[in-house]
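Peer 1:
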Amino acid sequence: MATQQTRSIARFMMAPSVILLFVWMIVPLAFTLWFSFQQYNPLNPIRDGFVGFSNYALFYSNPAFLQSILNTLAIVVSVLVITVIGGILLALLLDQPIWGQGFVRILVISPFFVMPPVAALVWKNMIMHPQYGVFADIARFFGANPIDWFGQHPLTAVILIVAWQWLPFATLILLTSLQSLDTEQKEAAEMDGAGFLSRFWYLTLPHMSRAITVVILIQTIFLLSIYAEILVTTNGGPGYASTNLPFLVYQKALLEFKIGQASAGGIIAVILANIVAFFVMRAVGKNLDK
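Mapping the sequence shown onto the UniProt record's numbering, position 191 (from 1) lands on 191, and the numbers just tick up by one.
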């Protein structure tokens with residue numbers, strides 16, 4: 001059992017890292033908050049000055065604001081549904097004794113290590129291109145007209161690309177959880193005459209519930225900040241059809257040079273992310289306490 005002296009030494013040794021992490025997080029946030037109350041344009045610094053909550057009002061009144069919120073939530077929810085369900089199915093498949101099992105697992109997990117801009121470029125030019133893409137060739141093979149994914153269904157295209165990137169992560173976590181299931185429990189269920197669906201619903205799925213909540217928590221944090229895939233493929237369009245909140249902040253900061261409004265949007269994004277994280281953490285905490 002740790003004594004008071006060892007606890008004090010541990011706190012003393014951890015303090016520099018904790019302080020450095022705190023400064024690393026709080027300083028950019030403080031600058032963002034300060035700029036959100038300023039009118040700052042690097043191309044016209046003469047007009048700089050304090051404007052109060054005007055930046056927040058302007059960002060909120062932006063016609064793309066509500067659409068960006070809805071698109072952000074649509075991306076998060078859709079990708080979570082695809083990756084969790086697909087991850088469970090792939091984990092069940094990869095857990096079976098098949099030939100070349102190790103090689104297949106590497107192939108399934110490998111998309112997670114592809115950089116988002118590279119993955120978006122591959123999907124845009126090789127898979128979803130309306131003339132030369134794989135999907136277009138498949139459509140023509142069956143006598144159908146190819147779909148212009150980024151023109152007709154831009155948000156769906158972004159969701160598919162992001163889901164493809166995050167599916168390996170969900171599969172890896174869920175497969176690890178599945179392999180920790182006691183074989184004696186599975187054998188006992190089989191001896192009792194339980195079918196595959198019954199074993200999955202009453203034994204496998206409850207055992208994987210904690211892993212599923214961890215996947216949901218981690219992916220939600222990262223999916224709220226999706227940006228590169230949209231920039232490479234649709235650039236937020238057509239119109240605001242695929243613009244999410246981080247991309248709207250990017251437009252204000254680096255395209256319109258309205259740093260104040262972009263900072264206000266960043267603060268709003270942080271608040272919304274914390275609200276979402278709060279409810280997700282509550283759900284995860286209830287599940288992990290069981």
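Cβ atoms here follow ideal geometry from the backbone N, Cα and C, with glycine treated the same way.
Buried or exposed: which applies to MET1, given that a residue is buried once 16 or more other Cβ atoms fall within 10 Å of its Cβ?
Peer 2: Because the pLDDT of MET1 is 47, which lies under 50, any placement of that residue in the model is unreliable, and the number read from its coordinates should be weighed accordingly. So MET1 ends up on the exposed side.
Peer 1: Taking residue 292 as part of the alpha helix (DSSP H), name the residues at either end of that continuous run.
Peer 2: With the chain represented from 1 up to 290, any question about residue 292 goes unanswered, as that position is not in the structure.
Peer 1: Going by other Cβ atoms of all chains shown within 10 Å of its Cβ, with 16 needed for buried, is ASN274 buried or exposed?
Peer 2: Result: exposed.
Peer 1: Closest to SER54 by C-alpha separation, out of VAL280, PHE279, ALA262 and ALA10, would be which residue?
Peer 2: For SER54, the closest of VAL280, PHE279, ALA262 and ALA10 by C-alpha to C-alpha distance is ALA262.
Peer 1: For ALA253, which of MET25, PRO42 and PRO238 has the nearest alpha-carbon?
Peer 2: If you compare the alpha carbons of MET25, PRO42 and PRO238 with that of ALA253, the shortest gap goes to PRO42.
Peer 1: Looking at the structure shown, is GLY49 part of a helix, part of a strand, or coil, going by DSSP?
Peer 2: Correct three-state label for GLY49: strand.
Peer 1: Would you list the residues sitting across from GLN39 in a DSSP beta bridge?
Peer 2: GLY49
Peer 1: Let's test the definition: count the other Cβ atoms within 10 Å of the Cβ of VAL81 and tell me whether it reaches 16, buried, or not, exposed.
Peer 2: It counts as exposed.
Peer 1: Does MET208 come out as helix, strand or coil in the three-state DSSP assignment?
Peer 2: helix
Peer 1: Quick check: does the Cβ of LEU89 come within less than 7 Å of any heavy atom belonging to the ligand PLP?
Peer 2: By its list of ligands, the structure shown contains no ligand whatsoever, and the ligand PLP lies outside what it can speak to.
Peer 1: For the alpha helix (DSSP H) that contains ASP137, what are its first and last residues?
Peer 2: For ASP137, the enclosing alpha helix (DSSP H) begins and ends at 134-141.
Peer 1: Would SER242 pass as a contact of ILE230 if the rule is Cβ separation under 8 Å?
Peer 2: When the beta-carbon positions are compared, SER242 and ILE230 come within less than 8 Å of each other.
Peer 1: For GLY86 and VAL249, I'd like the C-alpha separation in whole angstroms.
Peer 2: 31 Å
Peer 1: Given a threshold of 16 other Cβ atoms within 10 Å of its Cβ, counted over all protein chains shown, does VAL84 qualify as buried or as exposed?
Peer 2: buried
Peer 1: On a Cα-Cα basis, can you pick out the residue from TRP164, PRO63 and LEU178 that is closest to LEU92?
Peer 2: Of the candidates TRP164, PRO63 and LEU178, the one whose C-alpha sits nearest the C-alpha of LEU92 is LEU178.
Peer 1: Is it buried or exposed, ALA157, if we count other Cβ atoms within 10 angstroms and call 16 or more buried?
Peer 2: buried
Peer 1: May I have the straight-line CA-CA distance separating VAL114 from ILE173, to the nearest angstrom?
Peer 2: 18 Å
Peer 1: So, with DSSP's three-state summary, where would you put MET1?
Peer 2: Only weak support exists for where MET1 lies, its pLDDT of 47 falling under 50; the value from the coordinates is given anyway. DSSP places MET1 outside both helix and strand once states are collapsed to three, so it counts as coil.
Peer 1: Using only the alpha-carbon positions, how far apart do VAL122 and LEU155 sit?
Peer 2: 17 Å
Peer 1: Comparing alpha-carbon positions, which option in LEU223, PHE135 and PHE150 lies nearest ALA144?
Peer 2: Per the Cα distances, PHE135.
Peer 1: Let's test the definition: count the other Cβ atoms within 10 Å of the Cβ of THR233 and tell me whether it reaches 16, buried, or not, exposed.
Peer 2: buried
Peer 1: By alpha-carbon positions, which one of ILE98, ILE127, LEU90 and VAL104 ends up nearest to TRP166?
Peer 2: The closest CA to that of TRP166, considering only ILE98, ILE127, LEU90 and VAL104, is found on LEU90.
Peer 1: With respect to the alpha helix (DSSP H) encompassing GLU256, which residues constitute its N-terminal and C-terminal limits?
Peer 2: No alpha helix (DSSP H) holds GLU256; DSSP gives it neither H nor E.
Peer 1: At the level of alpha carbons, what is the spacing between PHE247 and THR204?
Peer 2: 39 Å
Peer 1: Quick check: what's the CA-CA separation for VAL18 versus ARG210?
Peer 2: 28 Å
Peer 1: Hey, could you find the ends of the alpha helix (DSSP H) ASN55 is sitting in?
Peer 2: 54-61
Peer 1: Closer than 7 Å by C-beta to GLY52: which residues in its own chain qualify, once you throw out the five before and the five after it? Chain order, please.
Peer 2: PHE37
Peer 1: Let me make sure I understand the geometry here. Which of PHE200, MET281 and ASN244 has the alpha-carbon closest to that of ILE218?
Peer 2: MET281
Peer 1: When we look at the beta-carbon of THR6 and count the other beta-carbons within 10 Å, is it buried (16 or more) or exposed?
Peer 2: exposed
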